[in-house]
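Just below is one structure, and these are the notes that go with it.
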Amino acid sequence: MKHATGLKIGLILALAAGLAACREEEQGRPLSFEPGVYSGKKDEKLSTEQTEALRERARLQGLR
14 MKHATGLKIG LILALAAGLA ACREEEQGRP LSFEPGVYSG KKDEKLSTEQ TEALRERARL
74 QGLR
């Protein structure tokens, strides 16, 4: 009797741990990868204002 109760509790705990491991942000992510190929979203183009701000920051850091 005690063995069956322990087994049930163990199974319930294992099931709970398995379900807790399925985080929502991990669902639908790619599971296979092709080396050398970026499969993420394309970057958005920087505006002229953003480009100039980056150039100014680089200039202040002594990076041409």
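Heads up: take any position in the sequence shown, counting from 1, add 13, and you land on my numbering. Glycine included, every Cβ here is placed at the ideal spot set by N, Cα and C. Please read all numbers here as calculations on a predicted model, not as lab measurements.
| Query | Result |
| --- | --- |
| Three-state secondary structure assigned by DSSP to A34 | coil |
| Nearest-angstrom Cα separation, counted from K58 out to L44 | 28 angstroms |
| Coil, strand or helix - K58 by DSSP | coil |
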